[in-house]
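Chemist: Heads up: the protein sequence lines correspond to chains A and B, in order. Under my numbering, think of the first position of the first sequence as 708, with each following residue one higher. Under my numbering, think of the first position of the second sequence as 3, with each following residue one higher. Beta carbons: idealized from backbone N, C-alpha and C, even for Gly. Nothing here was measured: the structure is a model prediction, and the numbers come from that model.
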Amino acid sequence: MTKISLCGITIDNPVIPASGAFGYGREFAELYDINILGTFSFKGTTLEPRFGNETPRIAECNCGMLNSVGLQNPGVDAVVMHELPELKKVFAKPVMANVSGFSLEEYAAVCERLDGVEQIGWLEVNISCPNVRGGGMSFGTSAKQAAAVTAAVKKVTGKPVIMKLSPNVTDITEIARACEDAGADGISLINTLIGMRIDLQRKKPVLANTFGGLSGPAVFPVALRMVYQVAHAVRIPVIGMGGVSDADGVIEMMLAGASAVEVGAANLVNPYVCRDIVKNLPAAMEKYGIENLEDIVGIA
Amino acid sequence: MKQALYEITSNRRIADAVYEIKLRGDVTEIKIPGQFVNLKIDGLYLRRPISVCDISGDCLTLIYKAIGKGTFQLSEMTAGQTVDVLSGLGNGYDLSVSGIKPLLIGGGVGVPPLYWLAKRLVEDGNSVTAVLGFNSAKDVFYGDEFRSLGVETRITTADGSYGVKGFVTDALPEFYTHFYACGPEPMLKAVYRNTFTSGQFSFEERMGCGFGACMGCSCRTVTGYKRICKDGPVLKKEEILW
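#1: Between B:E240, B:R195, B:F74 and B:N40, which lies nearest to B:V29 when the distance is taken from Cα to Cα?
#2: How far does the alpha helix (DSSP H) with B:F74 in it reach, from first residue to last?
#3: Considering only the alpha carbon of each residue, which of B:L48, B:T80, B:F198 and B:P35 lies closest to B:V124?
#4: Considering only C-alpha positions, which residue in the set B:R208, B:G234, B:L48 and B:G101 is nearest to B:S200?
#5: Can you tell me where the alpha helix (DSSP H) holding A:P989 begins and where it ends?
#6: So with CB distances below 7 Å, who are the chain A contacts of B:S53?
#7: What residues are listed by DSSP as bridge partners for B:G109?
#8: Can you give me, in chain order, the residues of the stretch 205–223 of chain B that have a beta carbon less than 9 Å from any beta carbon in chain A?
#9: Can you tell me which residues form a DSSP beta bridge with B:H180?
#10: Going straight from the alpha carbon of B:Y47 to that of B:Y178, what length do you get?
#11: Residue range of the beta strand (DSSP E) that B:T84 falls in?
#12: Just to confirm the assignment, what range does the alpha helix (DSSP H) spanning B:D146 have?
#13: Using CA coordinates, which residue listed in B:L76, B:V85 and B:T155 is at the minimum distance from B:Y105?
#14: Listing by chain order, which chain A residues have their CB less than 9 Å from the CB of B:L2?
#15: Does the beta-carbon of B:F148 have 16 or more other beta-carbons within 10 angstroms, so that it is buried, or is it exposed?
#16: Does the beta carbon of B:Y2 come closer than 7 Å to any beta carbon on chain A?
#17: Under 7 Å between C-beta atoms, does A:G745 make it to chain B?
#18: Along the stretch 866–890 of chain A, what residues have a CB closer than 9 Å to any CB found in chain B?
#19: Are any of the Cβ atoms in chain A nearer than 7 Å to that of B:Y21?
#20: So what's B:T159 in DSSP terms, helix, strand or just coil?
#21: Just to make sure I have the definition right: I need the residues of chain B whose C-beta is within less than 8 Å of the C-beta of A:G950. Which are they?
#22: In chain B, which residues lie with their C-beta within 8 Å of the C-beta of A:I765?
#23: Find out if the Cβ-Cβ distance for the pair B:G108, B:C184 is shorter than 7 Å.
#24: Please report whether the beta-carbon of A:F758 lies at a distance below 7 Å from any beta-carbon of chain B.
Spelled out as structure tokens, the structure:
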């Protein structure tokens, strides 16, 4: 059995394409039936439309990549009016809404706008974007601020609220506990690790934004460790992510304490990766003697 | 878009650090000149986007310059080896608006996508002119290939060591009905200023995915934000904010 329960909603499998790597689903729906996924987390959405940072926004490194997209999105109204009706044509399951903001009021306003949308199952609140100033990660690096965002969002929605945490902190368990105490229904982690590359020819940073978020297989052990720590620190469900690119990675994350697993960067290199993971999960479970995926959460 | 394994049939140097690679595979998704493919190169995380130079039967021709880790590694691959290719990416050039005397303007490794375009425009019965710019004689490639299509081909080099001395804008014909350009951004900007008809530009940007998912290669246009990889790489002259 690959079915799992995520904050009261049962999903067919724990495989969830991560926000920022899957748009609003449309590009992938052209490639395969995305209904085979547990769900997916859509592109981080803010109150107003955003262009994001200047390009180059992408750099490469050994076993991974850096991005400094900076929350490009069409704004919550366009998402509700245009993206979600389009998505409905190709995706019949509840989708996870990824939300970002630059103030408590903005987080609350976006979540309030999305609360009435039936298609949305969960709100994943991003307090960990490393690529914007004055918002995003600044809320996720202080336990007090993280709790304040959680409380502000919980006040305006009845949907499960999952707080997406930054790994760029001294003690991630402190932030996770603060979110739990403020009423969060789940925690997802990790967002990207801050990094940089320098172009040796130009002798300047590759990214226009200088720094960017590191993701891909390079971050997997760090992510796994943090998922393990957080899962031991809170009682609410944890979604693990960071460098997962195959069924083994999904199982490893679940053993560390993840109830579900998001897959990000891998989708950009192999657009079929999540389809393949879903397909390969039963064989991997059999290989490791796992009957029910839910039974292995956090047993490592 | 299609993911498939292609087999290399040849990979040879045709100018200074410039290589022509021919691959055989499922090319059914490659439909329009100006589209690109995204190659997976062993040991490197992200794919490498390269524009389609020609399609002939099930043979795909690409031309690339070995300037970084990925392209160096690609230049060392040999016939018989296989490459994982995502094909059919990008919008490509609109051929329907070419008029009877289209002009192609290419600079350096911006020249390759214009080759298949030239072939198709000639097949459609148009009288095609190509102005191809390079830095120096050692960088020049594909002049004869364009000429053998029946294209009036003018070559410029910045140092005057081959063809007309100067830039592509120094060799533009007086009359043409529409233009198609691909090359480095300073060249594209010069073309933008020195042309009098409607036209199309193909752009380059560092990409994450190459198929519109990651927003890594966005740009601002008159009609809003566009992804170079999915809404481009070809943009119309009137869309561009310069």
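Modeler: The answer reads as follows:
#1: Selected option, being the one with the closest Cα: B:N40.
#2: K71 to S77
#3: B:P35
#4: B:G101
#5: In the DSSP assignment, A:P989 falls within the unbroken alpha helix (DSSP H) covering V980 to K994.
#6: Ordered by position in chain A, no residue passes the 7 Å Cβ test against B:S53, which lies about 18 Å from the chain.
#7: For B:G109, which the question treats as bridged, DSSP gives the partners B:G135.
#8: Per Cβ criterion, the list reads E207, R208, M209, G210, C211, G212, F213, G214, A215, C216, M217, G218, C219, S220, C221 and R222.
#9: B:P104
#10: One C-alpha to the other measures close to 43 Å.
#11: T84 to L91
#12: The continuous alpha helix (DSSP H) containing B:D146 extends over residues G145 to S150.
#13: For the sequence presented, residue 105 of chain B should be read as Leu rather than Tyr. Among B:L76, B:V85 and B:T155, the Cα nearest to that of B:L105 belongs to B:T155.
#14: Since the first residue shown for chain B is 3 and the last is 244, residue 2 of chain B is missing from the structure and cannot be characterised.
#15: buried
#16: Shown here, chain B extends from 3 to 244; a query on residue 2 of chain B therefore has no answer.
#17: no
#18: none
#19: no
#20: strand
#21: Those within 8 Å of A:G950 in chain B number zero; the least Cβ separation is about 11 Å.
#22: By Cβ distance, chain B contributes L48, R208, M209, G210, C216, G218 and C219.
#23: yes
#24: yes
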